[in-house]
Structure formats: structure tokens, C-alpha cells
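Just so we're aligned: the sequence shown equals residues 8 to 172 in the working numbering.
We treat Cβ as the ideally placed atom computed from N, Cα and C, and that holds for glycine.
Just so it is clear, the structure is predicted and the values come from calculations on it, not from any experiment.
Here is the structure we will look at, set down as C-alpha cells.
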Amino acid sequence: MEQSYFKRIISNLEEIIAAGFIIVTTILVIINVFLRYFMDTGLYWSEEVATGCFVWAVFIGAVAGYKRGKHIGVDILVNLLNAKIQKVVVIIVDIILVLLNGYMTYLAVIFISLSYIKPTPVLGVSSAYISSALLVSFGLVTMYSVIFLIRDIKRKDYTKGGEII
8 MEQSYFKRII
18 SNLEEIIAAG
28 FIIVTTILVI
38 INVFLRYFMD
48 TGLYWSEEVA
58 TGCFVWAVFI
68 GAVAGYKRGK
78 HIGVDILVNL
88 LNAKIQKVVV
98 IIVDIILVLL
108 NGYMTYLAVI
118 FISLSYIKPT
128 PVLGVSSAYI
138 SSALLVSFGL
148 VTMYSVIFLI
158 RDIKRKDYTK
168 GGEII
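Right under this line is the structure:
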């Protein structure tokens, strides 16, 4: 039972991390609103931390959506093709996604190296902590793109409607 629990945690890790960042963001915003309106004070750092957590939640959430196939896709034209051509088109799209996401990962490394010296306005910590969300998310999406490419190359049967048997 423990192993299945561990597997569930690992398979849902992106969702768990994104949810954690959303929870922290929500709690900080609620506390700060309460302090400002009822106590005439506030936590000077909470907006910056909440914004950073929100950025991480969005990018990690995007990874979770991609991993689960929940992003919007237009497959109406692909569905009109026969199964062999569908497979070729799917593999071409997978290759394009691997290349595009790999390039975005490379650009994220450059962006982080540039943002490393820039401190955040309130806390004065490196902006690279927030910018790292780009590297992590595009790195993970690239990894999943490679996994999907390998899966689609090995896949034998395709049917109409995008459903795979």
C-alpha cells in the first residue's frame, strides 16, 4: 500500500507542488488584506512572495496540464486523415514540440543568468529564484515531450477522434 501511495505522490507531483504554491499565495493575500483593512498595517514582503508563488504555480501547473494532455489542441484536421498519416503527423508535432521546448529551456537558462544579478524590490533576493520557474517548467515539458515522442513512435494503432486504442 505504501508503494502505491508513493507512486500516486510521484505521478501527481506537479499538481501537488502547484497546489502548494497556490495555497501559500492565497493565505498571504488573505492575511495581508485582513491586516491592511482591519489593523491599518500589512506585511511589506507578502505581495512579493505571493507574486513569486503565483508565477511558480502557473508554470508548474502548465507542466501538469501538458503531462495530462489537458491543454487545448486542434486535431480536427488530423482526425480526417487515415491512421498511418495520423501517426506521421503526430510524430512530426512531437518532434517540433521537443525542439521548441528544448529551445525555450535554453532561453530560460540565458534569462536566469541575466536575472541572477537583479534583486527583487522588497526582499532584495535574486530574481533568479522566480525566473527559475521558467527553466524548471520548460525543462519538464521538454522531458515529457521526449517521452510522448517515444511513446508515439512505439504506438501501433490510431483511431479517429484522437482516441488511441
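- In the three-state reduction of the DSSP assignment, Ser139 falls in the helix class.
- Ser133 is bridged by DSSP to Pro126.
- Counting C-beta pairs closer than 8 Å gives fewer than three between the stretch 65-74 and the stretch 120-134, which falls short of the contact rule.
- A Cβ-Cβ contact shorter than 8 Å links Asp159 with Asp101.
- The three-state secondary structure of Asn19, taken from DSSP, is coil.
- A straight line joining the alpha-carbon of Asn86 with that of Val96 spans about 10 Å.
- Our two residues, Ile37 and Ile154, have alpha carbons roughly 40 Å apart in a direct line.
- If you check the CB distance, Leu142 and Ala115 come in under 8 Å.
- Cβ-Cβ distances below 8 Å link Ile119 to Ala135, Ser138, Ser139, Leu141 and Leu142 in the same chain, with the five nearest sequence neighbours on each side left out; the list follows chain order.
- The three-state secondary structure of Gly72, taken from DSSP, is helix.
- For Val62, the three-state secondary structure derived from DSSP is helix.
- Of all C-beta pairs linking the stretch 13-25 to the stretch 52-71, three or more are shorter than 8 Å, placing the two stretches in contact.
- Annotation: the continuous alpha helix (DSSP H) that includes Val85 extends over Ile83 to Asn86.
- For the options Gly59, Asn89 and Leu104, the alpha carbon positioned closest to that of Gly80 is the one of Leu104.
- In this structure, the beta-carbon distance from Leu42 to Val56 does not fall below 8 Å.
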